[in-house]
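**Q**
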Amino acid sequence: MSERTPLLHYRLSVSVNESGEHRETRTGRDEGEQRSPATVQRKPAVKQPPKLNTFFGVVIPTLLSMFSVVVFLRIGFVVGQCGLYQTIAMLLVAYFIISMTVLSVCAISTNGALDAGGAYYMISRALGPEFGGSIGIMFFLANVCGSALYVLGLVEAVLTTFGVHEDGSSLSVSRYAVLPAGYWWSLLYGTVILLLCLIVCLVGAHIYAKATFIIFIIVIVVLGTIFVSFFAVPFRTVQLPGQTNSSIGPTSANFTGFKLDTLMGNVQAAYTVDYTTGVMMTFATVFAVMFNGCTGIMAGSNMSGDLKNPSYSIPRGTITAVIFTFIIYSLLSVLISCTCDRILLQKDYGFLRDINVWHPFVTVGVYSSTLSAAMSNLIGASRILYALARDDLFGIVLSPAKRISGSGNPWVSVLISWFIVQLVLFSGKLNTIASIVSIFFLLVYATVDLACLALEWASAPNFRPTFRYFTWHTCVLGIIGCAVMMFLINAIYASASIAFMLLLLLLIHYLSPVSSWGCISQALIFHQVRKYLLMLDVRKDHVKFWRPQVLLMVSNPRCSVGLITFINDIKKSGLYVLAHVQLGDLDILPSDPLQSQYDSWLSLVDHLNIKAFVNLTLADSIRHGVQHLLFISGLGGMRPNTVVLGFYDDTPPQDQLLDSALSMSNDNSSQVDDPEDQNDPPFHFPPVRGGVTVGRGGVWGGKSLGPQEYVCIIADAIKMLKNIALARYFDQFDRTHALQGPIFVDVWPVNLLRPDSAAYVDTCSLFLLQLACILNMTRAWQKARLRLFLCVEAGRSLKGTEQKLRHLLKDLRMKADIFTVPWDSQVALHWQRQTRSERIEKEEPESEEGGVEADNFFTNSFQTNTSRVSDEYLQAVNKLILDQPLGPPAVRFLYLPRPPADTSRYHDYLRQLELLTRNLGPTLLIHGVTPVITTDL
Numbered sequence: 000m001s002e003r004t005p006l007l008h009y010r011l012s013v014s015v016n017e018s019g020e021h022r023e024t025r026t027g028r029d030e031g032e033q034r035s036p037a038t039v040q041r042k043p044a045v046k047q048p049p050k051l052n053t054f055f056g057v058v059i060p061t062l063l064s065m066f067s068v069v070v071f072l073r074i075g076f077v078v079g080q081c082g083l084y085q086t087i088a089m090l091l092v093a094y095f096i097i098s099m100t101v102l103s104v105c106a107i108s109t110n111g112a113l114d115a116g117g118a119y120y121m122i123s124r125a126l127g128p129e130f131g132g133s134i135g136i137m138f139f140l141a142n143v144c145g146s147a148l149y150v151l152g153l154v155e156a157v158l159t160t161f162g163v164h165e166d167g168s169s170l171s172v173s174r175y176a177v178l179p180a181g182y183w184w185s186l187l188y189g190t191v192i193l194l195l196c197l198i199v200c201l202v203g204a205h206i207y208a209k210a211t212f213i214i215f216i217i218v219i220v221v222l223g224t225i226f227v228s229f230f231a232v233p234f235r236t237v238q239l240p241g242q243t244n245s246s247i248g249p250t251s252a253n254f255t256g257f258k259l260d261t262l263m264g265n266v267q268a269a270y271t272v273d274y275t276t277g278v279m280m281t282f283a284t285v286f287a288v289m290f291n292g293c294t295g296i297m298a299g300s301n302m303s304g305d306l307k308n309p310s311y312s313i314p315r316g317t318i319t320a321v322i323f324t325f326i327i328y329s330l331l332s333v334l335i336s337c338t339c340d341r342i343l344l345q346k347d348y349g350f351l352r353d354i355n356v357w358h359p360f361v362t363v364g365v366y367s368s369t370l371s372a373a374m375s376n377l378i379g380a381s382r383i384l385y386a387l388a389r390d391d392l393f394g395i396v397l398s399p400a401k402r403i404s405g406s407g408n409p410w411v412s413v414l415i416s417w418f419i420v421q422l423v424l425f426s427g428k429l430n431t432i433a434s435i436v437s438i439f440f441l442l443v444y445a446t447v448d449l450a451c452l453a454l455e456w457a458s459a460p461n462f463r464p465t466f467r468y469f470t471w472h473t474c475v476l477g478i479i480g481c482a483v484m485m486f487l488i489n490a491i492y493a494s495a496s497i498a499f500m501l502l503l504l505l506l507i508h509y510l511s512p513v514s515s516w517g518c519i520s521q522a523l524i525f526h527q528v529r530k531y532l533l534m535l536d537v538r539k540d541h542v543k544f545w546r547p548q549v550l551l552m553v554s555n556p557r558c559s560v561g562l563i564t565f566i567n568d569i570k571k572s573g574l575y576v577l578a579h580v581q582l583g584d585l586d587i588l589p590s591d592p593l594q595s596q597y598d599s600w601l602s603l604v605d606h607l608n609i610k611a612f613v614n615l616t617l618a619d620s621i622r623h624g625v626q627h628l629l630f631i632s633g634l635g636g637m638r639p640n641t642v643v644l645g646f647y648d649d650t651p652p653q654d655q656l657l658d659s660a661l662s663m664s665n666d667n668s669s670q671v672d673d674p675e676d677q678n679d680p681p682f683h684f685p686p687v688r689g690g691v692t693v694g695r696g697g698v699w700g701g702k703s704l705g706p707q708e709y710v711c712i713i714a715d716a717i718k719m720l721k722n723i724a725l726a727r728y729f730d731q732f733d734r735t736h737a738l739q740g741p742i743f744v745d746v747w748p749v750n751l752l753r754p755d756s757a758a759y760v761d762t763c764s765l766f767l768l769q770l771a772c773i774l775n776m777t778r779a780w781q782k783a784r785l786r787l788f789l790c791v792e793a794g795r796s797l798k799g800t801e802q803k804l805r806h807l808l809k810d811l812r813m814k815a816d817i818f819t820v821p822w823d824s825q826v827a828l829h830w831q832r833q834t835r836s837e838r839i840e841k842e843e844p845e846s847e848e849g850g851v852e853a854d855n856f857f858t859n860s861f862q863t864n865t866s867r868v869s870d871e872y873l874q875a876v877n878k879l880i881l882d883q884p885l886g887p888p889a890v891r892f893l894y895l896p897r898p899p900a901d902t903s904r905y906h907d908y909l910r911q912l913e914l915l916t917r918n919l920g921p922t923l924l925i926h927g928v929t930p931v932i933t934t935d936l
């Protein structure tokens, strides 16, 4: 190998796994497979290649990948620059780093059979398609550039022995110089060598697999002659390359044999200029050179399909190869330090050839290992490309690479890889690319460690590798070690490689189809969520950390889009559950009908871009179903505290999933006529039907729920200490339209059905204020103005009442405009009014400090009596709300009184609510049962 080849130390090789292709042919997943009956009948007659044992399947590929040309051309360079002490230290550090990754490789490879693609397959199936696809592309590029690097390295090794300049001068001291040199000649030689590799790969990877043993024998024989030469060759003077008698500095150096003086001269570091590049060497640069001779550890894992017992062979074979190469590198370092002058090590990287018992031995070893590495990288690149194409991560771009021959060889992938390697050959010297390639390989190794770490941390029951000599500590050390080496080789290239990987990750995440491999992130999220849910203690709940956790009852989402999106705005990072009750009896059904509906509901959540869970139940009645959901929804400290129902009325629902504009018009003709023109995903929800439905907010359709049962649900929620909200006219709510122009949110915190006991500071009123404030805190609603309407009668102190309420808002840190609304004429219509003096006597005992508690007790303990409110009064109050001259609000918050104690009056109660809210637009009737506001710090 030529001394002119700077840093030809970067090992870029991947072993071949032919079993993946044969397996895909048998399973019929490839496009090139024929499906004729004759083919099916002939398949059993195809003789499958014999399975490999540990030695032939793992040890040999891994040894060839790790040795490469470094053992022949760069081990002396490392000792000459660093000295023996630092060389041994470097070996220990480097092998510690790769040993951590070896443990991860062994663990993952023994957790299931690997398919074509090697590291790509392991990472993609563990971390998901995003990581797998991005790493797969980088692994492919590393192999492509590695193949080109080794081809050019072989060209320069040949020219070292046989090349001559155009002026007739020899490139070396060899007397066999007959080949012309130069850029175009080198490109021609490289093209011929690459063409030879292409022919081998097109015929089949099994030819290379058969040749690996011969190449292994050659490499071992050459290593044997090198070790023998240290003992058999006497003192020898070696002519330094490129030096003449007129040159400045020494022209020769000595091979002294075993001498203590030689050893003592080589134990300490002596960094100098690399004579091939003119760059001053440092610990980091030499460490980067040496580390590339320690890689190649995943060659055996790629052979899993060809092994008799992969779970047995991969860990033992890989670890055996790592230990063997460490011993060889260490012995060579010691022998070189004892026998070679420092000048010889620093000025002649091919000195092993000069001191060998027969010089051509080392040359043959260099040629064999380099050609083997070039073919191995080309084959590995084609298999990775084939695996990427088969997984459809890049769609039609890589679809031609799926084609295979009758024997299962992905010939199109081979041709594409060959073409790209040929393009890379035009760059000539690949020193810069070699650094990038090394960083790519290290990034792959770090990601394998990350995959093993994620599987270990996720504690997935199906992660049961037979190789158990690893922990999450070894995975973390492997990740740190690979990251340190990446930035040690070149910090700029390392940063650029990580950025490139992240860019690919984002592209695949947004452009690739959904895979069925499973994603480790879900297992990790589950593990962490479970841990923190156990830490969430309901006994430590405090009112100042209260947040709404909403259970929204939905019958048909087609007519509930407006309500679903609005409730998403008031959840304030709390729990949000879309709940649905389907009538049925599991005893008479063949299977659970709800399981097939979850996909549609989850697709709706994604489509509306809301953060919500889905909870479906089967019950014999809507009321029982809601009770089930109130009892079981949530987990641990995350349970719904607020229930939202659509209003019970008889207005026809609208299909808002077809109406992309969510028009506020009630005209059915405004809906989109051609749903095929929409980009909405398909939802398998029942169509909207006319007739009686529970709410234009869209909760229950048809007549499966009556008014009596509806009010019973409200009463049940209050009994279970759940806050309750009834949503009306939210089919008219268009979030985009509502947030344009001036935005108003009106709050009426008085019980309009109880004018004789109106209170502004009871639990329910404060709950209204809290929800309105939460809505105003949402980013989209921050420009909204809260308007608080204070209903007053003549004779009461208007300024005093308003001032008291304004002081309360200040204490609660709420911003709202207070408007006083006289309602004497409305109250006059009230049934058999109480005298003004009796009402004042009930309200005056409230003290300044204890007013809130007193009002809470008084109002919440007083049962609603619906028979005492006339229709005229309700219509007048409804008109009072509608006639406010301050502009229409986006939404109104009204006080919802408790249902009457007498269940026979439930119909009247519901009718009063309907009259009160008629034509008000999007309105929430809210009843709070728990304190949610505090003035404490």
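Taking numbering that gives the first Met the number 0, the leading residue of the sequence shown gets 0, the next gets one more, and so forth. C-beta: ideal position from N, C-alpha, C; glycine also. Since this is a predicted model, take the numbers as computed values, not measurements.
1) Assign Q527 to one of two classes, buried (16 or more other C-beta atoms within 10 Å of its C-beta) or exposed (fewer than that).
2) Starting from A955, follow its DSSP beta bridges and name the residues at the other end.
3) Which same chain residues, not among the five before or five after V143, have their C-beta less than 7 Å away from its C-beta?
4) So does the stretch 573-580 actually touch the stretch 606-625, counting three or more Cβ pairs closer than 8 Å?
5) With respect to the beta strand (DSSP E) encompassing S251, which residues constitute its N-terminal and C-terminal limits?
6) Between the Cα of V227 and the Cα atoms of T211, E155, F360, which residue gives the shortest distance?
7) Can we say the stretch 274-288 touches the stretch 313-330, given the rule of at least three CB pairs closer than 8 Å?
8) Near C200, which residues of its chain fall below 6 Å by C-beta distance, leaving aside the five closest residues on each side in sequence?
9) Measure how close the beta-carbons of W456 and L532 come, nearest whole angstrom, since I'm counting them as under 8 Å.
10) Since N722 sits in a beta bridge, which residues does DSSP pair it with?
11) Taking contact to mean at least 3 C-beta pairs separated by less than 8 Å, is the stretch 321-338 in contact with the stretch 395-403?
12) For the putative contact between F612 and Y575, defined by C-beta atoms under 8 Å, what is the C-beta separation to the nearest angstrom?
13) Name the two residues that bound the continuous alpha helix (DSSP H) containing T160.
14) Would you kindly check if the distance between the Cβ of I296 and the Cβ of V104 is under 8 Å?
15) What separation, rounded to the nearest whole angstrom, lies between the Cα atoms of P685 and I563?
16) Which residues does DSSP pair with T819 in a beta bridge?
17) Where are the alpha helix (DSSP H) runs, 4 residues long or more, that stay fully inside the stretch 310-378, in chain order?
18) Quick one: give me the first and last residue of the beta strand (DSSP E) that Q874 is part of.
19) Tell me where the alpha helix (DSSP H) around H906 begins and ends.
20) I'd like to know if the stretch 118-128 and the stretch 484-502 are in contact, where contact means that at least 3 CB-CB pairs between them fall below 8 Å.
21) Fully enclosed by the stretch 255-298, which beta strand (DSSP E) runs are 3 residues long or longer?
22) On the three-state DSSP scale, how would you describe Y444?
23) If you drop the 5 nearest sequence neighbours on each side, which residues of the same chain put their C-beta closer than 6 Å to that of L924?
24) Determine the direct distance from the alpha carbon of A875 to that of L828, and round the result to whole angstroms.
25) Assuming L535 and G633 are in contact, meaning their beta carbons sit under 8 Å apart, how far apart are those beta carbons, in whole angstroms?
26) Tell me whether the stretch 250-258 and the stretch 338-357 touch, counting them as touching only if at least three CB pairs, one residue from each stretch, are closer than 8 Å.
27) I need the straight-line Cα distance from H358 to F229, nearest angstrom please.
28) If you compare alpha carbons, which of R557, V333, L738 is closest to S599?
29) Does DSSP put T470 in a helix, in a strand, or in coil?
30) Taking buried to mean at least 16 other C-beta atoms within 10 Å of its own C-beta, is I216 buried or exposed?
31) State the Cα-Cα distance for the pair Q911 and P887, rounded to the nearest angstrom.
32) Can you tell me where the beta strand (DSSP E) holding T190 begins and where it ends?
33) When the Cα of M615 is compared with those of D605, L607, P592, which residue comes out closest?
34) Suppose contacts are defined by Cβ-Cβ distances below 8 Å. Is E792 in contact with T819 by that definition?
35) Determine which residues share a DSSP beta bridge with L603 and list them.
36) With 16 other CB atoms within 10 Å as the buried threshold, where does D390 fall?
**A** The answer reads as follows:
1) Mapped onto the sequence shown, residue 527 falls at position 528. Answer is exposed; the Cβ neighbour count stays below 16.
2) Outside the displayed range of the chain (0 to 936) lies residue 955, so it cannot be described from this structure.
3) Taking the sequence shown and counting its residues from 1, the one referred to as residue 143 is at position 144. Cβ within range, chain order: A380, S416, I419, V420, V423.
4) yes
5) Within the sequence shown, numbered from 1, the residue matching residue 251 stands at position 252. 251-254 is the extent of the beta strand (DSSP E) around S251.
6) On the sequence shown, residue 227 is found 228 positions in, with the first residue counted as 1. Of the listed residues, the one whose Cα sits closest to V227 is F360.
7) no
8) In the sequence shown, residue 200 corresponds to position 201, counting from 1. Cβ within range, chain order: L377, I378, V413.
9) Residue mapping note: residue 456 aligns to position 457 of the sequence shown, counting from 1. Residue mapping note: residue 532 aligns to position 533 of the sequence shown, counting from 1. Not quite, the Cβ-Cβ distance comes to about 17 Å (not below 8 Å), so this is no contact.
10) As a working mapping, residue 722 is identified with position 723 in the sequence shown. T641.
11) no
12) Start at 1 with the first residue of the sequence shown, and residue 612 comes out as number 613. Start at 1 with the first residue of the sequence shown, and residue 575 comes out as number 576. F612 to Y575, Cβ: 7 Å. Contact.
13) Taking the sequence shown and counting its residues from 1, one reaches residue 160 at position 161. T160 -> alpha helix (DSSP H) spans 128-161.
14) For the purposes of this step, residue 104 is identified with residue 105 of the sequence shown, where counting begins at 1. For the purposes of this step, residue 296 is identified with residue 297 of the sequence shown, where counting begins at 1. Yes, they are a contact pair.
15) The sequence position of residue 685 within the sequence shown is 686, counting from 1. The sequence position of residue 563 within the sequence shown is 564, counting from 1. Taking the straight line from one Cα to the other gives about 17 Å.
16) Here residue 819 refers to the residue found at position 820 of the sequence shown. DSSP output for T819 lists L789 as bridge partner(s).
17) 341-346, 350-354
18) Taking the first residue of the sequence shown as position 1, residue 874 is located at position 875. Run containing Q874: none in the beta strand (DSSP E); it sits in the alpha helix (DSSP H), 870-881.
19) Here residue 906 refers to the residue found at position 907 when the sequence shown is read from its first residue. Taken as a continuous stretch (DSSP letters only), the alpha helix (DSSP H) holding H906 covers 905-916.
20) no
21) none
22) Mapped onto the sequence shown, residue 444 falls at position 445. Helix, per DSSP.
23) Translated into positions along the sequence shown, residue 924 becomes position 925. Cβ neighbours of L924 beyond the five flanking positions: L725, L893, L895.
24) What you label residue 828 is simply residue 829 of the sequence shown in a count that begins at 1. What you label residue 875 is simply residue 876 of the sequence shown in a count that begins at 1. Distance between the alpha carbons of L828 and A875 is about 8 Å.
25) As a first step, residue 535 must be located in the sequence shown, where it is residue number 536. As a first step, residue 633 must be located in the sequence shown, where it is residue number 634. So it is not a contact: roughly 11 Å between Cβ atoms.
26) yes
27) Walking along the sequence shown from the start, residue 358 turns up at place 359. Walking along the sequence shown from the start, residue 229 turns up at place 230. The straight-line gap from Cα to Cα measures roughly 13 Å.
28) In the sequence shown, the residue the question calls residue 599 occupies position 600. Out of R557, V333, L738, R557 has the C-alpha closest to the C-alpha of S599.
29) Sequence index remark: in the sequence shown, residue 470 carries index 471 (1-based). Coil.
30) In the sequence shown, the residue the question calls residue 216 occupies position 217. With fewer than 16 other Cβ atoms within 10 Å, it is exposed.
31) Residue mapping note: residue 911 aligns to position 912 of the sequence shown, counting from 1. Residue mapping note: residue 887 aligns to position 888 of the sequence shown, counting from 1. Each residue's alpha carbon lies about 23 Å from the other.
32) Position 191 of the sequence shown holds residue 190. Where T190 is concerned, there is no enclosing beta strand (DSSP E), although the alpha helix (DSSP H) it sits in stretches over 182-202.
33) In the sequence shown, residue 615 corresponds to position 616, counting from 1. First, the amino acid is wrong: residue 615 is Leu here, not Met. Minimum Cα distance to L615 is reached at P592.
34) For this step, residue 792 is matched to residue 793 along the sequence shown. For this step, residue 819 is matched to residue 820 along the sequence shown. No, these two residues do not count as a Cβ contact at 8 Å.
35) To locate residue 603, count along the sequence shown from 1; it is residue 604. Answer is none; L603 lacks a bridge partner.
36) Here residue 390 corresponds to residue number 391 of the sequence shown, with the count starting at 1. D390 is buried by the Cβ-count criterion.
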